[in-house]
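Take a look at the structure set out below.
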Amino acid sequence: MKSLSINIPIAVYAYDELSDLDKRLVDEARKATFRAYAPYSKFNVGAAIALDNGEIVTGANQENVAYPSGTCAERTACYYAHAQFPEAKFQTIAIAARGTDGVELNAPISPCGACRQALLEYEILAEHDVRVILVSANDIYIISSVKQLLPLAFSSF
Ligand code: THU
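For the sequence shown, the working numbering gives the first residue as -6, with consecutive numbering after it.
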């Protein structure tokens, strides 16, 4: 028997240590949390994607009374980005959240499994790593690619 282990490197930053573009993305993700439609969970998530054409596209979670019909912030942003700019490649996504008390969380949230799979598709299309920035009121985590977040991912390519 052999055993394998998977290690996910995470760089932990304070906001002031980020590059100007990363600060802007974090700011946009935080702002997007205020555009969430989350009357059921009251959990507000915002995502901001930097594209290689210079655009920043944002999204927020959109819930629905028929619960499974809702969409996470990450998929709202990535589907909108690719629908608006089908030729553009994703560079970085930042994700921020405010809890049911309306306050930014003290620890970052990480995308759900379905969002990881969706984001991976755009990383494959980009033909390079897409960085993931997980925002909180304290630490900011930077993961160098979506595939780091989804080890052993399904792919039919
Ligand atoms: N949610 C996101 O938008 N992104 C995540 O990464 C995790 C969860 C949303 C889905 C739902 O509207 C609410 O947060 C509570 O789960």
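Don't be surprised by glycine CBs; every beta carbon is placed ideally from N, CA and C.
Quiz prompt | Val19 to Asn0 span [Cα, whole Å] | solution = In the sequence shown, residue 19 corresponds to position 26, counting from 1. In the sequence shown, residue 0 corresponds to position 7, counting from 1. CA-CA distance, Val19 to Asn0, rounds to 25 Å.
Quiz item: Which ranges would you report for the beta strand (DSSP E) in the segment 6 to 85 if only whole runs of at least 3 residues count?
Solution: Within the segment 6 to 85, the complete beta strand (DSSP E) runs of at least 3 residues are 37 to 44 and 49 to 53.
Practice problem: Confirm the yes/no value for this check: CB of Val38, any heavy atom of ligand 1, distance under 8 Å. | Solution: For the purposes of this step, residue 38 is taken as the residue at position 45 of the sequence shown. Yes, the Cβ of Val38 comes within 8 Å of a heavy atom of ligand 1.
Quiz item: Ser149: which of Leu113, Asp132 and Asp122 sits nearest, CA to CA?
Solution: In the sequence shown, counting from the first residue as 1, residue 149 sits at position 156. Comparing Cα-Cα distances from Ser149 to each of Leu113, Asp132 and Asp122, the minimum goes to Leu113.
Practice problem: Taking Ala59 as the reference, give the member of Tyr33, Tyr115 and Asn99 with the closest Cα. | Solution: Stepping through the sequence shown from its first residue, residue 59 is reached at position 66. The option with the nearest alpha carbon to Ala59 is Tyr33.
Quiz item: What is the DSSP secondary structure of Leu145, reduced to helix, strand or coil?
Solution: Here the question's residue 145 lines up with position 152 in the sequence shown. Leu145: coil per DSSP, three-state reduction.
Practice problem: Could you pull out every residue in the same chain whose Cβ sits closer than 8 Å to the Cβ of Asp94, ignoring the five residues on either side in sequence? | Solution: Position 101 of the sequence shown, counted from the start, is the residue given in the question as residue 94. In the same chain as Asp94, and ignoring 5 residues on each side of it, no C-beta atom comes closer than 8 Å to its own.
Quiz item: Can you tell me the Cα-Cα spacing of Leu14 and Leu143, whole angstroms?
Solution: In the sequence shown, the residue the question calls residue 14 occupies position 21. In the sequence shown, the residue the question calls residue 143 occupies position 150. Taking the CA atoms as reference points, Leu14 sits about 25 Å from Leu143.
Self-check item: Ile86 beta carbon less than 9 Å from that of Ala31
Solution: Walking along the sequence shown from the start, residue 31 turns up at place 38. Walking along the sequence shown from the start, residue 86 turns up at place 93. One thing to note: Ala31 has its Cβ no nearer than 9 Å to the Cβ of Ile86.
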